[in-house]
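Beneath this line is the structure, given in structure tokens, with notes to follow.
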DNA sequence: CCAAATAGCACTGATTTGGTGCGCAATCAT
DNA sequence: ATGATTGCGCACCAAATCAGTGCTATTTGG
Ligand code: SF4
Ligand code: SF4
């Protein structure tokens, strides 16, 4: 129900872990020894992340994975997009927000819904999706990795979202 | 992949439709005659929405459903929450954001994950989820129904999110 | 009474998701 | 060289979720 998949979570954990190991290749073993993650599944996730261009891989005894870009240059959106396709809050048209940093093609099935022309919520729902997408885009790996976790607060939207959340609504 | 279910979409369409029919009971038939929605399924959705306290129902020949509150007093979050459980971007602890307007209990399974203590992304991921949740909360049925659709732009977060979205990232 | 509408319950089929098995290929330490 | 370690490719399974349906009972207006 509107939640990230386990695969994505594992991927994010791995990515965050690598933020603390800059410049070195870290193996899947190390990661799933640190956290309780099914080794085999994590391998699959890392593979995907690698093919998406977020990670560099190196085989062999001292092999592993390494962040390609600086932690602040990779967004959660890129990870999510790689692991579960471009986020959409509906089956509607492909995201107008083209993440130019992503190396993978947009694999949205176009406007899959058969009532696109008459749908009264199409446009507003897309705007909503773009809002979510924007949030994910604005959160970098650095934000996620922050120990004391300024996280979302680090970007201009953070405080607003936090305060908005406290509204009685 | 991080998207609303069909049920939720149908529910939102129905709700928006009722915004234009204030004060009268509108039948499921009318709605699924207007839009291409499986009648039987829509009925199920409306039932749920009704039990959640968002709609008032009336049986019999001239029966149907009607919005309980004003359109600006019902949020998309409430609809989503009723139709697919409280939004969460992870299997983590129940949402700290208690929507006091909701009449249904929070049915989160608590902290389902078995690595909650050691998980490095738990806190930031929750903050992310709260951001999304906040977005949904801030969008009212009125926003959704707006013909020219100011929608998300109508609330203080809208413009920021919109502009943020145009950043090269 | 009859037609129209919600309420309740159970159920099927398709899709997604979490997770695994296994052999192959590359690489490094010894 | 050789074996241990690591990633790669591909196929596969089981559980959960989701879209959608059937049928019957109950309420209500005409
Ligand atoms: S057109 Fe409407 S019902 Fe169809 S996918 Fe888009 S928002 Fe959903
Ligand atoms: S503790 Fe970490 S891995 Fe577990 S559900 Fe929460 S965010 Fe996901």
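Protein chains in written order, with the working numbering: chain A, 21 to 189; chain B, 21 to 189. Glycine residues also receive a C-beta, built at the ideal position from the N, C-alpha and C atoms.
Distance from the Cα of residue 56 (chain A) is smallest, within the candidate group A:145, A:26, A:106, A:101, for A:26. Residue pairing by DSSP puts residue 84 (chain B) in a beta bridge opposite B:78.
Proximity of the region 134 to 147 of chain A to the region 77 to 84 of chain A falls short of the contact definition, fewer than three beta-carbon pairs being nearer than 8 angstroms. Annotation for residue 34 (chain B): the continuous alpha helix (DSSP H) segment containing it runs 26 to 39. Listed in chain order, the positions of the region 47 to 79 of chain A with a beta carbon within less than 9 angstroms of a beta carbon of chain B are 54, 55, 56, 57. The residue from A:44, A:148, A:45, A:63 with its alpha-carbon nearest to that of residue 52 (chain A) is A:63.
Against chain A, the beta carbon of residue 86 (chain B) has no neighbour under 7 angstroms; the closest one sits roughly 18 angstroms away.
In terms of beta-carbon proximity, residue 94 (chain A) stays away from the interface with chain B, with every pair separated by 8 angstroms or more.
When B:90, B:146, B:75 are compared, the shortest CA-CA separation from residue 102 (chain B) is found for B:75. The residue among A:28, A:112, A:137, A:36 with its C-alpha nearest the C-alpha of residue 138 (chain B) is A:36. The C-beta of residue 150 (chain B) has 16 or more other C-beta atoms within 10 Å across all chains shown, which makes the residue buried. In the structure shown, residue 46 (chain A) falls within a strand segment according to DSSP collapsed to helix, strand and coil. Shown here, residue 154 (chain B) sits in a helix according to DSSP, grouped into three states. In this structure, residue 95 (chain A) sits away from residue 146 (chain A), with a CB-CB distance that is not shorter than 8 angstroms.
Not one heavy atom of ligand 1 is found less than 7 angstroms from the C-beta of residue 51 (chain B). Scanning chain A for C-beta atoms nearer than 9 angstroms to the C-beta of residue 36 (chain B) yields 140, 141, 144, reported in chain order.
Secondary structure of residue 160 (chain B) (DSSP, three-state): strand. In this structure, the C-beta of residue 135 (chain A) approaches ligand 1 to less than 7 angstroms from one of its heavy atoms. The DSSP-derived three-state label of residue 136 (chain A) is coil.
Annotation for residue 95 (chain B): no alpha helix (DSSP H) segment contains it, and DSSP assigns it neither H nor E. The C-beta of residue 82 (chain A) comes no closer than 8 angstroms to any C-beta of chain B. Pairing residue 24 (chain A) with residue 100 (chain A) gives a Cβ-Cβ distance under 8 angstroms.
Taking 8 angstroms as the cut-off, the Cβ atoms of residue 155 (chain B) and residue 152 (chain A) count as close. Residue nearest to residue 49 (chain B) within the set B:41, B:43, B:42, B:58 is B:58 (criterion: CA-CA distance). In the structure shown, residue 22 (chain A) adopts coil according to DSSP, grouped into three states.
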